[in-house]
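*Asks:*
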Amino acid sequence: MDESGLIGDAQRGDLEAFNRLIFAYKDQVYNLAYRILGDPLAADDAAQEAFISAYKGLRRYRGGSFRAWILRIVTNACYDELRRRKRRPTIGMEDLNPLDDPEETDSAGVLAAEGGDPESEAQQAELARALEECLGGLPDEFRLVAVLVDVQGHDYREASQVLGTPLGTVKSRLARARLRMRDCLQAHRELLPAAFRLEDEAT
Amino acid sequence: MTRLTDHDLEQLSAYLDGELKPSEAAEIEARLKAEPELQRSLSQLRWMSDNLKRLPTLRAPRSYRLTPEMVGQRTGSWRLPALRLATAVMALALVAVIGLDFLGSAGRMSLAGAPQAMEAPASVQDSVQSEQARTEKTEADSQPAAGAQAGAVEETPLANALRAAEPTPGADLSSPAETPPMAMAVPQTGNTEAPPTITQTPLPAEPVESGEVRAARDQNTARMAILRWSEILLGAGLLLLFAVQIKNRR
């Protein structure tokens, strides 16, 4: 895919070129929205809104990582949704995670899970739910940076572009997010490796 | 057991991601060799990060394919400007036609003195043929161009007959002839050459104008009909164009 060529065509009003970019990034955009919002329907809306906003604001794209640019747009759409929720608090993040329910995991359209624990798929699924739960319990700004770096594998530079924050902020927020995650996972000791259990024994 | 500081954890976290400067990384590596607590923390962070990366990736539930309507583009981009242009042209044409119609009406109204004058004798005839009526008729007759044209539509055989029967004291050039009403309908061009000795001579212009009057009346009626039909058609066309545009806007 000639990304820069497609971007140029889209900037000149070629909607079909932009649709090809959407096709390339739709899963990343949707997953980021889902991890931030924890709700597949809200993530779906945020993704659609982000792509529309991105097309309309394409003239403001001045080069650099297009992925970071479009992820920033969906992040902003998610922040707007989170702010709306805070004004009308009706649903908690924990209530919205379909991956907590094995039956809903199938309907959520899960792509192939990378790697996976060869010992037991059931144990891996349980661990995934524990991680999802702890991730969902993080404050928004910590969850977002953990999702970008730990879940989606972006480097700090790209994460700072997506978040619009300095590299140092990404670094410190990520460390705090990881610390909180580690504390949260203590509630699932049976799923943790020896390194975690040793700490329990030591304390 | 030594507790790690926030700074230690921050450096360790960045070290895990390969985001430390070489000097900082070397410092952490030196400490890792000496501090089992730091080693265990690094193992925990690495385990968490690895497992978070293994979290299931969801498939986007739809394509998010954008359509021109979704981003405010019009599919038939030429249609709307064309409709707007047609509406503007039609509105201007309607205004022009109404203006012509209005000017025509105003013109008739400004010359309306003549029709009133022509009608006056007819009304007077029912009562008394007053002096005033004769004066008015004379004034009307003294304006042959205006009177003939403007009064053409209003002129009736009865009024003509009355005028013909009525002697005009003020008119010293000619005297009204005792012409029957039928005579008014026939052009009598020869009458204008009647010798002055004949006292009852028809008005010189009157019989000549009668044909022109009819032609002018027909022309005027045709013009009015064209204007009215134009107004109706343009109005209907405008309404149709508005309806189409409103429908396009949904």
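Chains as they are written, first to last, in my numbering: chain D, 862 to 1064; chain S, 57 to 306.
Idealized CB from N, CA, C, for every residue including glycine.
(1) Can you name, in chain order, every residue of its own chain whose Cβ lies under 7 Å from the Cβ of D:A1071, other than the five neighbours on each side?
(2) Quick check on the DSSP output: the alpha helix (DSSP H) that includes D:P1054 runs from which residue to which?
(3) Per DSSP, which one or two residues make a beta bridge with D:L919?
(4) Can you find a CB in chain S that lies within less than 8 Å of the CB of D:G1014?
(5) Looking at chain S, is there any beta carbon in it that lies within less than 8 Å of the beta carbon of D:N937?
(6) If I follow the unbroken alpha helix (DSSP H) through D:E877, where does it start and stop?
(7) What whole-angstrom Cβ distance do D:D905 and D:Y891 have, given they're in contact under 8 Å?
(8) So is D:D1011 buried or exposed if we call it buried at 16+ other beta carbons inside 10 Å?
(9) Only counting the same chain, and skipping five residues up and downstream in sequence, which positions put a Cβ closer than 6 Å to that of D:V1008?
(10) Assuming D:D888 and D:A878 are in contact, meaning their beta carbons sit under 8 Å apart, how far apart are those beta carbons, in whole angstroms?
(11) Report the rounded CA-to-CA distance for D:L1028 versus D:R1037, giving the unit in angstroms.
(12) Assuming D:L1024 and D:L1005 make a contact with CB atoms under 8 Å, what is their CB distance in whole Å?
(13) Under the three-state reduction of DSSP, which class applies to D:L1046: helix, strand or coil?
(14) Could you confirm whether any beta carbon from chain D is found closer than 8 Å to the beta carbon of S:E66?
(15) Please name the residues in the region 111-122 of chain S whose beta-carbon is closer than 8 Å to at least one beta-carbon of chain D, in chain order.
(16) Which of helix, strand or coil does DSSP assign to S:V127?
(17) Given that D:V1010 touches chain S, what residues does it touch there, using C-beta distances under 7 Å?
(18) Return the residues of the region 274-296 of chain S that lie within a Cβ-Cβ distance of less than 8 Å from chain D, sorted by chain order.
(19) Using a Cβ-Cβ cutoff of less than 7 Å, which residues in the same chain neighbour D:E1002 once the five nearest sequence positions on both sides are dropped?
(20) Give the interface partners of S:A70 over in chain D, defined as CB-CB distance under 9 Å, in chain order.
(21) Are S:Q129 and D:L876 touching if we call contact CB-CB under 8 Å?
(22) What residue range is occupied by the uninterrupted alpha helix (DSSP H) comprising D:T936?
(23) Go through its chain and collect everything with a Cβ distance to S:T143's Cβ below 6 Å, but skip five positions before and after it.
(24) Should S:R59 be flagged as near chain D, meaning a C-beta pair shorter than 8 Å?
(25) Quick one: list the residues of chain D neighbouring S:S99, beta-carbon separation under 7 Å, in chain order.
(26) Please classify D:P1000 as buried or exposed, where buried requires at least 16 other C-beta atoms within 10 Å of its C-beta.
(27) Got a sec: which bits of the region 879-892 of chain D sit with their beta carbon under 8 Å from any beta carbon on chain C, in order along the chain?
(28) Distance cutoff 8 Å, beta carbons only. Does S:L108 sit that close to anything in chain D?
(29) At least one CB of chain S closer than 8 Å to the CB of D:R1039: is that the case?
(30) Please state if the CB of S:E80 and the CB of S:Q95 are separated by a distance shorter than 8 Å.
(31) Spatial neighbours of S:L141 within its chain, please: C-beta separation below 6 Å, excluding the five flanking residues on both sides.
(32) With D:Q872 as the anchor, note down where its alpha helix (DSSP H) starts and where it stops.
(33) Output the distance between the C-alpha atoms of D:F927 and D:L898, rounded to the nearest integer angstrom.
(34) Can you list, in chain order, the residues of its chain with a C-beta nearer than 7 Å to that of S:L101? Leave out the 5 residues immediately preceding and following it.
(35) Taking just the CA atoms, how far does D:L1053 sit from D:I883?
(36) Let me check understanding here. Comparing Cα to Cα, which of D:L919, D:H1049, D:R1050 and D:I934 lies closest to D:Q1022?
*Replies:* With the structure as the only source:
(1) Since the first residue shown for chain D is 862 and the last is 1064, residue 1071 of chain D is missing from the structure and cannot be characterised.
(2) Mapped onto the first sequence, residue 1054 of chain D falls at position 193. It is not in any alpha helix (DSSP H) - D:P1054 carries neither H nor E in the DSSP assignment.
(3) Taking the first sequence and counting its residues from 1, the one referred to as residue 919 of chain D is at position 58. BP columns for D:L919 are empty, so no partner.
(4) The residue given as residue 1014 of chain D occupies position 153 in the first sequence. For D:G1014, the answer is yes, since a Cβ of chain S falls inside 8 Å of its Cβ.
(5) One-based indexing of the first sequence puts residue 937 of chain D at position 76. So no, D:N937 is outside the interface.
(6) As a first step, residue 877 of chain D must be located in the first sequence, where it is residue number 16. Per DSSP, D:E877 belongs to the alpha helix (DSSP H) from L876 to L898.
(7) Locating residue 905 of chain D in the first sequence gives position 44, counting from the first residue. Locating residue 891 of chain D in the first sequence gives position 30, counting from the first residue. Contact holds; Cβ gap of about 7 Å.
(8) Against the first sequence, residue 1011 of chain D aligns to sequence position 150. It counts as buried.
(9) What you label residue 1008 of chain D is simply residue 147 of the first sequence in a count that begins at 1. Excluding positions up to five away in sequence, the list reads R896.
(10) In the first sequence, the residue the question calls residue 888 of chain D occupies position 27. In the first sequence, the residue the question calls residue 878 of chain D occupies position 17. Their Cβ separation, rounded to whole angstroms, is 19 Å, which puts D:D888 and D:A878 out of contact at 8 Å.
(11) One-based indexing of the first sequence puts residue 1028 of chain D at position 167. One-based indexing of the first sequence puts residue 1037 of chain D at position 176. Spanning the two alpha carbons is a distance of roughly 14 Å.
(12) Looking up residue 1024 of chain D in the first sequence gives position 163. Looking up residue 1005 of chain D in the first sequence gives position 144. So it is a contact: roughly 7 Å between Cβ atoms.
(13) What you label residue 1046 of chain D is simply residue 185 of the first sequence in a count that begins at 1. Residue state, collapsed to three classes: helix.
(14) By 1-based counting over the second sequence, the position of residue 66 of chain S is 10. By this cut-off, S:E66 is an interface position.
(15) L111, P112, T113, L114, R115, A116, P117, R118, S119, Y120, R121 and L122
(16) Position 71 of the second sequence, counting from 1, holds the residue named residue 127 of chain S. In this structure, S:V127 counts as coil in the three-state DSSP scheme.
(17) One-based indexing of the first sequence puts residue 1010 of chain D at position 149. Per Cβ cutoff of 7 Å: D73.
(18) none
(19) Counted from its first residue, the first sequence places residue 1002 of chain D at position 141. So the qualifying residues of the chain are R1034.
(20) Working through the second sequence from its first residue, we reach residue 70 of chain S at position 14. Y1017, K1032, L1035 and A1036, listed in chain order.
(21) Your numbering for residue 129 of chain S matches position 73 in the second sequence. Your numbering for residue 876 of chain D matches position 15 in the first sequence. The answer is yes: Cβ separation under 8 Å.
(22) Counting from 1 along the first sequence, the entry for residue 936 of chain D is found at position 75. Start and end: F927 to R948.
(23) Taking the second sequence and counting its residues from 1, the one referred to as residue 143 of chain S is at position 87. Cβ within range, chain order: L297.
(24) By one-based count along the second sequence, residue 59 of chain S stands at place 3. Taking Cβ atoms only, chain D never reaches closer than 8 Å to S:R59, which makes this a no.
(25) The residue given as residue 99 of chain S occupies position 43 in the second sequence. Within 7 Å Cβ-Cβ: A1056.
(26) Here residue 1000 of chain D corresponds to residue number 139 of the first sequence, with the count starting at 1. Exposed: under 16 other Cβ atoms inside 10 Å.
(27) Looking at the structure shown, chain C is missing, and the protein chains on hand are D and S.
(28) The sequence position of residue 108 of chain S within the second sequence is 52, counting from 1. S:L108 counts as touching chain D.
(29) Here residue 1039 of chain D refers to the residue found at position 178 when the first sequence is read from its first residue. Yes, because at least one Cβ of chain S sits closer than 8 Å to the Cβ of D:R1039.
(30) Residue mapping note: residue 95 of chain S aligns to position 39 of the second sequence, counting from 1. Residue mapping note: residue 80 of chain S aligns to position 24 of the second sequence, counting from 1. Against a cut-off of 8 Å, the Cβ pair of S:E80 and S:Q95 comes out as no contact.
(31) The residue you call residue 141 of chain S lines up with position 85 of the second sequence. Here the set comprises nothing.
(32) As a position in the first sequence, residue 872 of chain D is number 11, starting the count at 1. It spans E864 to Q872 - the alpha helix (DSSP H) in which D:Q872 sits, taken as one unbroken run.
(33) For the purposes of this step, residue 927 of chain D is taken as the residue at position 66 of the first sequence. For the purposes of this step, residue 898 of chain D is taken as the residue at position 37 of the first sequence. Taking the straight line joining both Cα atoms gives about 22 Å.
(34) On the second sequence, residue 101 of chain S is found 45 positions in, with the first residue counted as 1. Hits under 7 Å: L68, S69 and L72.
(35) Stepping through the first sequence from its first residue, residue 883 of chain D is reached at position 22. Stepping through the first sequence from its first residue, residue 1053 of chain D is reached at position 192. So the alpha carbons of these two residues sit roughly 38 Å apart.
(36) Taking the first sequence and counting its residues from 1, one reaches residue 1022 of chain D at position 161. Here the closest residue by C-alpha is D:I934.
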